[in-house]
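Participant: The opening position of the first sequence corresponds to residue 9 in the working numbering, with each subsequent residue numbered one higher.
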Amino acid sequence: MAKRGASRQALRIATWNINSVRLRLPLLQNLVTDLAPDVICLQETKCPDEAFPHEGIAALGFTHRLIRGMKGYNGVAVLSRLPITLREDDPDWCGKGDCRHLGVMLDAPGGPVELHNFYVPAGGDIPDREANPKFGHKLDFVAEATRWFDARGAKRAVLVGDLNIAPLEHDVWSHKQLLDVVSHTPIEVEGLIGWQKAAGWHDALRHFVPEDQKLYTWWSYRARDWRAADRGRRLDHIWVSDDLAGKLSRHQVLKDARDWPQASDHVPVLVEFTP
DNA sequence: ATGGTGGACTATCCA
9 MAKRGASRQA LRIATWNINS VRLRLPLLQN LVTDLAPDVI CLQETKCPDE
59 AFPHEGIAAL GFTHRLIRGM KGYNGVAVLS RLPITLREDD PDWCGKGDCR
109 HLGVMLDAPG GPVELHNFYV PAGGDIPDRE ANPKFGHKLD FVAEATRWFD
159 ARGAKRAVLV GDLNIAPLEH DVWSHKQLLD VVSHTPIEVE GLIGWQKAAG
209 WHDALRHFVP EDQKLYTWWS YRARDWRAAD RGRRLDHIWV SDDLAGKLSR
259 HQVLKDARDW PQASDHVPVL VEFTP
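(1) Keeping to the same chain, check which residues put their C-beta closer than 8 Å to that of Arg160; ignore five residues upstream and five downstream.
(2) Taking Lys205 as the reference, give the member of Ser228, Ala153, Lys255 with the closest Cα.
(3) Going by DSSP, what residues sit across from Met113 in a beta bridge?
(4) Could you check where the alpha helix (DSSP H) with Asp42 kicks off and where it finishes?
(5) In terms of residue numbering, what span does the alpha helix (DSSP H) encompassing Asp133 cover?
(6) According to DSSP, is Ala220 helix, strand or coil?
(7) Tell whether a beta-carbon distance below 8 Å holds between Leu200 and Ile173.
(8) I'd like to know whether the C-beta atoms of Ile21 and Asp42 end up nearer to each other than 8 Å.
(9) Report the residue from Tyr81, Arg241, Ala85, Lys222 whose alpha carbon sits nearest the alpha carbon of Lys104.
(10) In the DSSP assignment, the alpha helix (DSSP H) including Thr154 goes from what residue to what residue?
(11) Using the beta-carbon count (16 or more within 10 Å), is Tyr224 buried or exposed?
(12) Indicate whether the contact test is met: 3 or more Cβ pairs, each with one atom in the stretch 179-198 and one in the stretch 30-42, closer than 8 Å.
(13) Spatial neighbours of Gly220 within its chain, please: C-beta separation below 7 Å, excluding the five flanking residues on both sides.
(14) If Asp233 and Asn27 are in contact, beta carbons under 8 Å, what's the gap, nearest whole angstrom?
(15) Quick check: the stretch 72-90 against the stretch 132-144, are there 3 or more CB pairs under 8 Å?
(16) To the nearest angstrom, how far is the alpha carbon of Pro91 from that of Asp188?
(17) My understanding is that Val279 touches Ala236, with C-beta atoms under 8 Å, so please give their C-beta distance in whole angstroms.
(18) Specify, as a first and last residue, the run of the beta strand (DSSP E) that Asp170 falls within.
(19) Roughly how far, in whole angstroms, is the beta-carbon of Gly77 from the beta-carbon of Cys55, given that I think they are within contact range, below 8 Å?
(20) Relative to the C-alpha of Pro175, which residue among Asp106, Phe149, Trp203 is closest?
(21) Determine the contact status of Gly119 and Gln17, defining contact as a CB-CB distance below 8 Å.
(22) From the DSSP secondary-structure annotation, give me the bridge partner or partners of Gln51.
(23) State buried or exposed for Ala5, treating a residue as buried only when at least 16 other CB atoms are found within 10 Å of its CB.
(24) DSSP puts Ile75 in a beta bridge; with which residues?
(25) Within 10 Å of its beta-carbon, does Gln51 have 16 or more other beta-carbons around it, so buried, or fewer, so exposed?
(26) Quick check: does the Cβ of Val189 come within less than 7 Å of any heavy atom belonging to the ligand GTP?
(27) Here's a check: name, in chain order, each residue in its chain whose Cβ is nearer than 7 Å to the Cβ of Phe143, leaving out the five neighbours to either side.
(28) On the DSSP bridge list, what partners appear for Trp247?
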């Protein structure tokens, strides 16, 4: 029998930058145990499609899987307990073919849900598109996504992923000290907010956590004690279309995952809603 | 104090 009797129509979607799906395959079991998701969206799988560990993931109950991977870098995947179909006509962002997006239709209770899984370019170290082409790529990627969703709108839709931008003051450990740091510069924040407004996206995590409270999903590897320093950023996001905002029922940021053996520098994030 | 660590994969690139 279904476990969640009181909310049997609810759908739980998780997103995680796994930073190598092959290395951290065992940690997916932890995620499933702790969050009980119906759908998991992964970023930075760093795995060519022919080497994707389908069997291990199927054994966790995710019988439906769509993947878009390449050798060494990037790579996204959608793992689902419910049937999913690939959205074939979505753009190849910036024409690079670099495996940063997977759009699917999810066969959910109450009808199809459009689900977009993004891995936005990190953008390099220097926040200047002339000096640093990676930063230009990041801004262009966000601008292109903004135009596309602005033209299409979003209904019964969810957008998740590592967007590599922390938009709000309390999405970073020090707003002032990160104003010149890629991920929190004003031009990136303006871009991300514009994208969010483009199709009326609703920030599902800030639906639950007030904007004056610190909220992070990523802590650098380059810290002796990540928890003590707590210099985090909220780089991972879940947005829902306006028509779903009122149907959100819970959220979870799995901070304990940062202490798993061979942890990713990102932690899984989940929301539950009734579509 | 301008470092530090981690993953992919073989000399560095990327985060």
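Glycine included, each C-beta is placed from N, C-alpha and C at the ideal position.
Facilitator: Straight from the coordinates:
(1) Hits under 8 Å: Ala207.
(2) Looking from the CA of Lys205, the closest CA among Ser228, Ala153, Lys255 belongs to Ala153.
(3) In DSSP, Met113 forms a bridge with Thr93, Glu122.
(4) Unbroken alpha helix (DSSP H) run through Asp42: 33-43.
(5) That residue, Asp133, is in no alpha helix (DSSP H); it is neither H nor E in DSSP.
(6) Inspection of the sequence shows that residue 220 is occupied by Asp rather than by Ala. Correct three-state label for Asp220: coil.
(7) Yes.
(8) No, Cβ-Cβ distance for Ile21 and Asp42 is not below 8 Å.
(9) Measuring from the Cα of Lys104, the nearest candidate turns out to be Tyr81.
(10) Unbroken alpha helix (DSSP H) run through Thr154: 141-160.
(11) By the 10 Å Cβ count, Tyr224 comes out buried.
(12) With a cut-off of 8 Å, the stretch 30-42 and the stretch 179-198 do not count as touching, because too few Cβ pairs lie within range.
(13) The displayed chain sequence assigns Asp, not Gly, to residue 220. Within the same chain, Asp220 has close Cβ partners His178.
(14) Their Cβ separation, rounded to whole angstroms, is 20 Å, which puts Asp233 and Asn27 out of contact at 8 Å.
(15) Short answer: they don't touch.
(16) One C-alpha to the other measures close to 43 Å.
(17) The Cβ separation is near 29 Å, so there is no contact.
(18) Taken as a continuous stretch (DSSP letters only), the beta strand (DSSP E) holding Asp170 covers 165-170.
(19) The Cβ separation is near 5 Å, so the contact holds.
(20) Measuring C-alpha to C-alpha distances from Pro175 to each of Asp106, Phe149, Trp203 identifies Trp203 as the nearest.
(21) Taking 8 Å as the Cβ cut-off, Gly119 and Gln17 do not qualify as a contacting pair.
(22) Among the bridge pairs identified by DSSP, Gln51 is matched with Asn25, Val84.
(23) This structure cannot settle anything about residue 5, because the visible part of the chain is limited to 9 through 283.
(24) Looking at the DSSP assignment, Ile75 forms a beta bridge with Ala85.
(25) Per the 10 Å Cβ criterion, buried.
(26) The ligand GTP is not part of this structure, which contains no ligands at all.
(27) Gly131, Gly132, Ile134, Pro135, Asp136, Arg137, Val190, listed in sequence order.
(28) Bridge partners of Trp247: Leu167, Asp211.
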